[in-house]
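Count along the sequence shown from 1, add 3, and you get the number used in my numbering.
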Amino acid sequence: MLRSNHVLLTLVFLSFSAVACGCVFSFDENDCMSDCADPWYWECDVDADCSNGLCEGNVCVAPNPSSCSTDSECAAGYICDAWGSCVEEQTVVTCSSYVDCGPSELCEAGVCVPAYCYGDADCPTDFFCDSNNYCREPGYQPPATTCTGDRDCPSSCSCSTDSVCLPDVCAANVPCPVGYTCESGACVEVSVEPCGGACAGGELCINEVCVADTSCGAGCPSGETCVAGTCVVDVVGDCVVNTDCDAGFLCIDGACVQDAVQCTRSCECPLGEECVDSVCVSPAPVVEPVPCANDCECPSGQACVGGFCDTDNCTTNADCLIGEVCANGQCVSGAPRLNEPCILDNQCGLGGLCVSGKCQFVCADETDCTHTQVCSAGHCADNAAGGGECLFSADCTAGYCINGYCMASCVDDSVCGSGEFCDHGICGPDWRPVAECMANADCAAGRTCVDARCREACWVETDCAEAGSTCVAGFCYGAGE
């Protein structure tokens with residue numbers, strides 16, 4: 004039944020010197036009344052009370068069209084996704100780390116975003132879905148990656164004259180790396196003043212460019228110094244010896260820093276510190292995992308492992324990038340790319356051995372070799388059962404040479420092995436979340452598309468029908484999700 008407190012609006016206009024009554028754009032007349040009213044704001048009990056036939060929450064709402072091309076064609080609170088369907092606009096959830104976000108989400112620029120996206124509509128407001136299917140904040144730029152040729156760069160990227168991998172055509176969802184800007188589809192270098200040794204807190208001046216100091220994870224805040232991997236408070240003033248500092252401080256690297264407090268429990272430490280190895284220390288800053296699709300998207304010295312940039316130190320050569328070896332727990336450059344021509348062992352650099360005219364790694368067992376090699380006669384050799392390492396696609400018996408490994412080529416998932424999918428023409432491990440739905444329209448009545456699955460709404464676990472399910476943020480999640 005139509006209630007009495009509806010919104011009314013009447014427009015009187017002249018047409019051919021006669022007075023007539025009509026409704027302004029988006030307003031309509033209801034069968035029960037002669038006045039003009041906005042059908043979006045009529046109160047209702049059932050669909051029949053609304054001129055458009057849709058009653059939700061005792062309010063007449065405008066239905067979404069079956070297809071769309073722009074956001075303006077959708078109802079309020081909905082946007083047009085990449086598949087031409089009106090979907091609910093993503094709610095922005097702030098975060099300080101990934102633990103503040105829901106399942107299958109990451110904390111990106113202080114906002115929870117899905118770990119995998121299909122279009123801008125899957126991302127929070129103002130974020131965009133890049134060419135690698137990750138939600139990125141406005142103005143995001145990937146780190147610059149050096150190269151010696153196009154083979155060092157991912158697909159759709161080329162090695163510039165400045166020896167940096169740049170996208171062939173840049174756009175809003177294909178941004179240029181740091182230090183470059185997109186102009187008319189091309190990445191152009193931005194002139195940067197040399198740092199001259201002066202950088203912000205948590206940064207170092209290397210080759211006249213400010214870079215993050217990773218010795219303490221993401222670097223220390225301003226006013227703190229990294230000591231043995233821990234951020235400690237600085238004291239203003241230079242020093243040479245400990246006596247140059249105030250009581251309770253030590254002179255470390257020319258700066259007075261707070262001396263460690265002995266402890267047995269964290270409650271004995273100053274506020275904000277914890278007891279580690281009988282010493283009060285400030286907790287290390289939380290380092291967010293950086294999502295990636297290939298090594299090109301990771302900072303120098305890191306590799307893309309399982310969809311994230313790996314920052315761990317090494318224990319064997321297999322933990323390092325091609326062209327690096329593991330020395331004293333750190334990946335260092337020095338060894339040339341595998342299979343480069345040689346005559347003498349010293350042409351192969353640190354950890355290298357010249358075998359049959361090609362450089363290989365010296366090894367004691369398989370742990371010293373890459374995952375596609377075996378240790379044979381004291382040196383690493385390609386495993387006949389694996390893809391093998393390569394420089395060019397011609398080095399492979401089939402497929403292409405990608406990131407130094409022979410990989411099978413594909414046009415769709417059907418030609419890839421179990422647990423793999425076709426990623427930009429190359430078969431690789433399938434790390435994508437299982438997508439049961441793209442929008443609510445893909446789900447049965449009573450279910451909502453959340454995190455790519457059709458889910459039941461819930462208040463408590465008992466509202467979920469599936470055994471082992473839990474109620475998370477108002478929706479049922481199955482066991483193990």
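Glycine included, every Cβ here is placed at the ideal spot set by N, Cα and C.
Values in this document were obtained by computation on a predicted structure and should not be read as measured data.
Taking Ile346 and Cys357 to be in contact with their CB atoms under 8 angstroms, please state how far apart those CB atoms are, rounded to whole angstroms. 7 angstroms
Where Glu487 falls: helix, strand or coil (DSSP): Any question about residue 487 goes unanswered here, given that the chain covers just 4 to 484.
Measuring only the C-alpha atoms, how far is Asn135 from Thr465? 39 angstroms
Can you check which of these residues, Leu109, Gly105, Cys71 and Asn61, is closest to Gly310 by C-alpha distance? It is Leu109 whose Cα lies nearest to the Cα of Gly310.
Those residues which DSSP pairs with Arg458 across a bridge: Thr451
Terminal residues of the beta strand (DSSP E) in which Ala189 lies: Ala189 to Glu192
For Cys53, list the residues DSSP reports as bridge partners. For Cys53, which the question treats as bridged, DSSP gives no partner whatsoever.
Could you please give the first and the last residue of the uninterrupted beta strand (DSSP E) stretch that includes Cys110? Glu108 to Glu111
Could you give the distance in angstroms between the alpha-carbon of Gly105 and the alpha-carbon of Gly477? So the two alpha carbons sit approximately 11 angstroms from each other.
Cβ-based neighbour list, Ser70, same chain, cut-off 8 angstroms, excluding 5 preceding and 5 following: Gly87 and Ser88
Report the option in Glu140, Glu59 and Val90 whose CA atom is closest to the CA atom of Cys452. Val90
Could you spell out the range, first to last residue, of the beta strand (DSSP E) harbouring Thr356? Note on identity: in this sequence residue 356 is Leu, with Thr being the wrong assignment. Counting along the chain, the beta strand (DSSP E) containing Leu356 begins and ends at Gly355 to Val358.
Quick one: grab the DSSP three-state call for Ala124. helix
Would you identify the three-state DSSP class for Asp34, choosing helix, strand or coil? Confidence is the limiting factor: at Asp34 the pLDDT is only 39, short of 50, which leaves the residue's position unreliable, though a coordinate-based value still follows. Three-state result, Asp34: coil.
Compute the distance between the beta-carbons of Cys162 and Pro170, then report whether it is under 8 angstroms. no
Do the segment 123 to 132 and the segment 269 to 280 meet, that is, are 3 or more Cβ pairs less than 8 angstroms apart? By the Cβ rule, the segment 123 to 132 does not count as touching the segment 269 to 280, because fewer than three pairs are nearer than 8 angstroms.
With a CB to CB cut of under 7 angstroms and the five nearest residues on each side skipped, what residues in its chain are close to Arg450? Cys457, Arg458 and Glu459
Could you spell out the range, first to last residue, of the beta strand (DSSP E) harbouring Cys162? Residues Cys160 to Cys162.
Once the 5 residues before and after Ala269 are set aside, which same chain residues still bring their CB inside 6 angstroms of it? The sequence given here has Ser at residue 269, not Ala. Leaving aside the five residues that flank Ser269 on each side, the residues in its chain whose CB is nearer than 6 angstroms to its CB run, in chain order, Glu277 and Cys278.
In angstroms with no decimal places, state the Cα-to-Cα distance between Cys190 and Cys173. 7 angstroms
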